[in-house]
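A short worksheet on the structure shown next.
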Amino acid sequence: MDASVKASSSSSHSLPELPANRVSAACNHPDPFSGVALPLQYENRGLTLKIRYHTLETLPPEHFDWAFHLVKSNLYEQYVAAKDTGWSDDDKRAEMQAENPRYLIAFDETAPTTTPPRPVAFCYFQFTLEDDCEVPNAETTSDTSKADKSADKKRGSEEVVAFEKSQTSVKKPRIDSDTLQHDPKVAKPTREAIAPDDDDEDYEDVEDEKIPVVYCYELQLESDARGKGLGAYLMNLIEEVGTAWGMRKVMLTAFKSNVSAMAFYKRLGWV
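Numbering follows UniProt numbering, with no gaps: position 118 of the sequence shown is 118.
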């Protein structure tokens, strides 16, 4: 059976002009997926799944523990084998609870009603700001929190590959010229605040401007949920929510030694 394409409920929202405000708006919205056309459910190749969105505050502790142990089960050997990363339970837990973590968790809905739905896959991501370039080098990152050090250690490793997708269909916010001239509380937008068309004039050039992105830190599936299109569907959801909130890119990293992940992202058009 083809994957379900039932329309989900949608709500309109106006996008803030400045990158930091877009990130803040997405983080503060109770349901950032409400404006995404793809449904938070998946029916395909024997899977009948409901996908739930969680912040760290709404994520049940048992589901966080499951997600942590799934990462460890799937990637422990690759972390240990990488000479400049290594594995630490404490560091990985801290990374997965870093500032504004967001989770999509897919649950198997076919279990008996007396049994809690079983989680089979998850995606851990953040709405955040990044330099408009490839993955930042860990040595030049200014944030020194334990969680960020853990993430940056992997992202700056020579043994990982950075992937990204530009959001070509990002909505293009506009600011009224009169508002810019007469309202001192409204900052003049930078080039990154308005889609970078050649004919846009209402911006100031700012070098090294950070851009709003969706950063996918983890995409992990249980073994019996793989090879059924679920991973691609979860990444489609991440791309769609990025587009809905005006994020300029979706970014992630993968270990070079993870041959299946490398092939997966390249097949989906990531570069």
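All C-beta atoms in this analysis are idealised placements derived from N, C-alpha and C, irrespective of residue type, glycine included.
Could you tell me the alpha carbon to alpha carbon distance between residue i and residue j, rounded to whole angstroms?
i, j, result
"GLU57", "ASN21", "21 Å"
"PRO16", "ALA25", "8 Å"
"GLU43", "PRO212", "32 Å"
"ARG45", "ASP108", "13 Å"
"PHE33", "VAL241", "6 Å"
"PRO116", "ARG267", "34 Å"
"VAL23", "TYR76", "31 Å"
"ASP91", "ASP84", "14 Å"
"LEU237", "ASP131", "23 Å"
"PHE68", "LEU252", "18 Å"
"THR110", "LYS228", "16 Å"
"ALA81", "ALA263", "20 Å"
"GLY86", "TYR79", "5 Å"
"GLU209", "GLY246", "16 Å"
"ALA254", "ASP89", "19 Å"
"ASP224", "TRP66", "15 Å"
"PRO112", "ARG118", "11 Å"
"VAL259", "LEU129", "29 Å"
"LYS72", "GLU158", "21 Å"
"ARG226", "ALA261", "12 Å"
"ASP31", "THR243", "15 Å"
"CYS27", "MET235", "18 Å"
So residue i and residue j are supposed to be a Cβ contact under 8 Å. How far apart are they, rounded?
i, j, result
"TRP270", "PHE127", "Going by Cβ atoms, the distance from TRP270 to PHE127 rounds to 19 Å, so no, they are not a contact pair."
"GLU52", "LEU70", "Strictly speaking, residue 52 in this sequence is Arg, with Glu absent from that position. The pair is not a contact, with the Cβ atoms about 16 Å apart (cut-off 8 Å)."
"HIS29", "TYR103", "Contact flag wrong, Cβ pair sits at about 15 Å."
"SER124", "TYR217", "For the sequence presented, residue 124 should be read as Tyr rather than Ser. About 5 Å separates the two Cβ atoms, so the contact holds."
"GLN220", "ASN74", "5 Å"
"residue 304", "LYS165", "What the structure shows of the chain is the stretch from 1 to 271, and residue 304 is not part of that stretch, so it cannot be assessed."
"LEU230", "LEU47", "6 Å"
For the beta strand (DSSP E) containing residue i, list its first residue and its last residue.
i, result
"ASN44", "41-44"
"GLU62", "Not the beta strand (DSSP E): GLU62 falls in the alpha helix (DSSP H), residues 61-81."
"LYS256", "Looking at the DSSP string, LYS256 is not in any beta strand (DSSP E), and its letter there is neither H nor E."
"GLU218", "210-221"
"MET164", "The sequence shown places Glu at residue 164, not Met. Per DSSP, GLU164 belongs to the beta strand (DSSP E) from 160-166."
"VAL120", "118-131"
"ARG102", "102-108"
"THR85", "First-last for THR85: undefined, no H or E at that position."
"LEU49", "47-55"
Terminal residues of the continuous alpha helix (DSSP H) containing residue i?
i, result
"ASP89", "89-95"
"LEU237", "230-244"
"ARG22", "19-28"
Can residue i and residue j be called in contact, C-beta distance under 9 Å?
i, j, result
"LYS256", "VAL160", "yes"
"ALA106", "LYS50", "yes"
"PRO61", "ARG248", "no"
"GLU222", "GLN167", "no"
"TYR233", "LEU38", "yes"
"GLN97", "PHE122", "no"
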